[in-house]
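Asker: Questions regarding the structure given below will be posed in turn.
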Amino acid sequence: MSIMDTVKSAMGLNPIHHADLDMQRVLDALDGLDPKPLHRLTPEEARRQPTPADAVRHLMRQENIAPPADTLQVEDIAIADAAGGANPARVYRPAGQGPLPVILYFHGGGWVIADLDTYDATPRALAMQTGAIVVSAHYRQAPEHKFPAAHEDACAAYAWLLQNAAGLGADPARIALAGESAGANLAINVAIHARDQGLQAPLYQVLVYPLANMDTDTESYHDSSNARPLGKEAMLWFLEHATATDQDRQSPLLRVLDARLQGLPAATVITAGIDPLRTEGEQLAHALTEAGVPVTHKGFAGVTHEFFGMAPVLEAARQAQALVCEHLRRALQGTGGAAGPADGAAPVPPNETGKAPPM
47 MSIMDTVKSA MGLNPIHHAD LDMQRVLDAL DGLDPKPLHR LTPEEARRQP
97 TPADAVRHLM RQENIAPPAD TLQVEDIAIA DAAGGANPAR VYRPAGQGPL
147 PVILYFHGGG WVIADLDTYD ATPRALAMQT GAIVVSAHYR QAPEHKFPAA
197 HEDACAAYAW LLQNAAGLGA DPARIALAGE SAGANLAINV AIHARDQGLQ
247 APLYQVLVYP LANMDTDTES YHDSSNARPL GKEAMLWFLE HATATDQDRQ
297 SPLLRVLDAR LQGLPAATVI TAGIDPLRTE GEQLAHALTE AGVPVTHKGF
347 AGVTHEFFGM APVLEAARQA QALVCEHLRR ALQGTGGAAG PADGAAPVPP
397 NETGKAPPM
């Protein structure tokens with residue numbers, strides 16, 4: 047971290063000034079809904095706050111933007127959790143002759159907030175653009191269910207899907223993983239769990255602004271400390287509520303950069319330039335590559351955390367979704383293992399990682 051980064055962080059300069067025009071419109075719409083800072087709220091209060099998804103819907107109504115057309119059959123179901131209960135899940139089934147490939151998707155929210163409705167846009171887009179069935183799986187949330195409850199439920203969801211894919215009209219030999227933020231952390235941990243337990247390996251993994259470390263002193267935690275909708279104080283709030291002890295925070299489930307990454311399926315890693323998690327996403331892409339995992343990393347400079355599901359109003363989201371879905375289609379087209387990323391197996395060079403412009 048440079049001296050200038052330290053000064054900017056101390057002065058509280060706002061990296062949102064470098065958001066692109068589409069992103070700024072969303073942030074202005076979110077401001078208009080008057081969400082309160084998470085660190086001033088209880089988890090129960092935070093779950094009732096307006097979300098970036100609400101801001102997108104508000105902007106679409108305000109500007110008369112039609113939602114993306116889809117022909118999906120959507121069904122709400124329940125799947126077994128790791129504690130003998132059940133969690134909600136949502137199945138997005140595209141038109142087409144089955145059995146279709148299937149993507150298991152985990153939403154974000156810091157393991158504390160958000161649900162299937164909050165993150166409805168991404169699984170819809172994945173299903174429409176890949177022709178695969180998408181199962182969006184909820185999980186037990188903190189602080190009612192502290193770490194590692196969500197991770198246990200994610201692994202239980204994968205085991206459930208291996209057993210029940212055929213009943214959904216899916217091909218159990220063609221399964222991929224995807225997740226955003228805390229959900230991306232769950233996705234890669236499911237891949238690690240499958241490898242370590244000798245389970246059928248997923249063919250591909252999509253990791254969108256993944257939470258991969260517990261280091262809050264990185265470059266992006268400084269240059270994006272005051273970012274919206276996710277800044278440093280919000281991340282500290284999530285970690286406080288999600289974990290119970292310092293030992294929890296040392297776990298390789300959370301510090302994925304410390305985990306053994308060899309033998310995992312090929313991955314696409316997406317990062318946002320105005321996001322405290324940007325650096326650890328870049329580091330994860332590098333660590334996967336060093337472990338011999340084929341990786342494509344693409345960063346988007348002028349956008350914030352949560353941008354990926356905003357395709358109706360955000361060009362960067364449309365580009366990111368198109369890239370991810372191309373890779374998923376290639377990986378899922380056969381039954382003999384994952385195809386490599388469309389544009390090479392290495393992370394993009396440092397000057398293409400989508401960092402926020404200098405202030």
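Everything in the sequence shown is counted per the numbering used here, starting at 47 for the first residue and increasing by one.
Where is the CB? At the ideal position from N, CA and C, for every residue including glycine.
What you are looking at is a predicted structure, and each value in this text was computed from that prediction instead of being measured.
#1: Within this structure, are the beta carbons of residue 267 and residue 311 separated by less than 9 Å?
#2: Below 8 Å, how does it come out for the segment 140-149 and the segment 220-228: are there three or more Cβ pairs, yes or no?
#3: Is it buried or exposed for residue 366, if we count other Cβ within 10 angstroms and need 16 for buried?
#4: Would you please state the rounded distance, in angstroms, between the beta carbons of residue 226 and residue 254? I believe it to be under 8 Å.
#5: Touch check for the segment 319-334 and the segment 131-138: three-plus C-beta pairs under 8 Å?
#6: Using a Cβ-Cβ cut-off of 7 Å (strictly less than) and excluding sequence neighbours within five positions of residue 305, which residues of its own chain qualify?
#7: Counting only the same chain and skipping the five closest in sequence on each side, list residues whose C-beta sits under 6 Å from that of residue 176.
#8: Secondary structure at residue 370, three-state DSSP: helix, strand or coil?
#9: Does the contact criterion of 3 or more C-beta pairs under 8 Å hold for the segment 74-91 versus the segment 275-283?
#10: For residue 67, does the count of other Cβ atoms within 10 angstroms reach 16, so buried, or fall short, so exposed?
#11: Between the C-alpha atoms of residue 65 and residue 164, what's the straight-line distance to the nearest angstrom?
#12: Measure the alpha-carbon distance for residue 207 versus residue 96 and round it to whole angstroms.
#13: My output table needs one value for residue 185: the three-state DSSP class, helix, strand or coil.
#14: Is it true that the CB of residue 357 sits closer than 9 Å to the CB of residue 126?
#15: For residue 198, is the classification buried or exposed, using 16 other Cβ atoms within 10 angstroms of its Cβ as the cut-off for buried?
#16: Cβ atoms of residue 128 and residue 288: under 9 Å apart, would you say?
#17: With a CB to CB cut of under 8 Å and the five nearest residues on each side skipped, what residues in its chain are close to residue 246?
#18: Give the DSSP-derived three-state secondary structure of residue 254 in the structure shown.
#19: Do you know offhand how far residue 77's Cα is from residue 361's?
#20: Any idea which residues DSSP pairs residue 341 with across the strands?
#21: Specify the secondary structure class of residue 137 as computed by DSSP and reduced to three states.
#22: Have a look at residue 109 and residue 351 and give me their C-alpha separation to the nearest angstrom.
Answerer: So, from the data block:
#1: The residue you call residue 267 lines up with position 221 of the sequence shown. The residue you call residue 311 lines up with position 265 of the sequence shown. Cβ distance not < 9 Å, so residue 267 and residue 311 don't count as in contact.
#2: yes
#3: Along the sequence shown, read from residue 1 onward, the residue named residue 366 stands at position 320. Buried, since its Cβ has 16 or more Cβ neighbours within 10 Å.
#4: Within the sequence shown, numbered from 1, the residue matching residue 226 stands at position 180. Within the sequence shown, numbered from 1, the residue matching residue 254 stands at position 208. Right, their Cβ atoms sit about 4 Å apart.
#5: no
#6: Numbered from its first residue, the sequence shown carries residue 305 at position 259. Excluding sequence neighbours, residue 305 sits near 238, 298.
#7: In the sequence shown, residue 176 corresponds to position 130, counting from 1. Around residue 176: 371, 374, 375.
#8: One-based indexing of the sequence shown puts residue 370 at position 324. DSSP places residue 370 in helix when its eight states are reduced to three.
#9: yes
#10: In the sequence shown, counting from the first residue as 1, residue 67 sits at position 21. Exposed is the call here.
#11: Within the sequence shown, residue 65 is the residue found at index 19, counting from 1. Within the sequence shown, residue 164 is the residue found at index 118, counting from 1. Straight-line Cα distance between these residues: approximately 22 Å.
#12: To locate residue 207, count along the sequence shown from 1; it is residue 161. To locate residue 96, count along the sequence shown from 1; it is residue 50. Residue 207 and residue 96: Cα-Cα distance of roughly 32 Å.
#13: Residue 185 sits at position 139 when you count from the first residue of the sequence shown. DSSP places residue 185 in coil when its eight states are reduced to three.
#14: Counting from one through the sequence shown, the residue named residue 126 turns up at place 80. Counting from one through the sequence shown, the residue named residue 357 turns up at place 311. Against a cut-off of 9 Å, the Cβ pair of residue 357 and residue 126 comes out as no contact.
#15: For the purposes of this step, residue 198 is taken as residue 152 along the sequence shown, with counting starting at 1. Buried, by the Cβ-count rule.
#16: Locating residue 288 in the sequence shown gives position 242, where the first residue counts as 1. Locating residue 128 in the sequence shown gives position 82, where the first residue counts as 1. Not closer than 9 Å, so no.
#17: Within the sequence shown, numbered from 1, the residue matching residue 246 stands at position 200. For residue 246, where only same-chain residues beyond five positions count, the Cβ hits under 8 Å are 208, 218, 219, 221, 240.
#18: Counting from 1 along the sequence shown, the entry for residue 254 is found at position 208. Three-state result, residue 254: strand.
#19: Along the sequence shown, one-based indexing puts residue 77 at 31. Along the sequence shown, one-based indexing puts residue 361 at 315. Rounded to the nearest angstrom, the two C-alpha atoms are 21 Å apart.
#20: Indexing the sequence shown from 1 puts residue 341 at position 295. Residue 341 pairs with 313.
#21: Position 91 of the sequence shown holds residue 137. Residue 137: strand per DSSP, three-state reduction.
#22: Here residue 109 refers to the residue found at position 63 when the sequence shown is read from its first residue. Here residue 351 refers to the residue found at position 305 when the sequence shown is read from its first residue. Near 23 Å, if we compare the C-alpha coordinates of residue 351 and residue 109.
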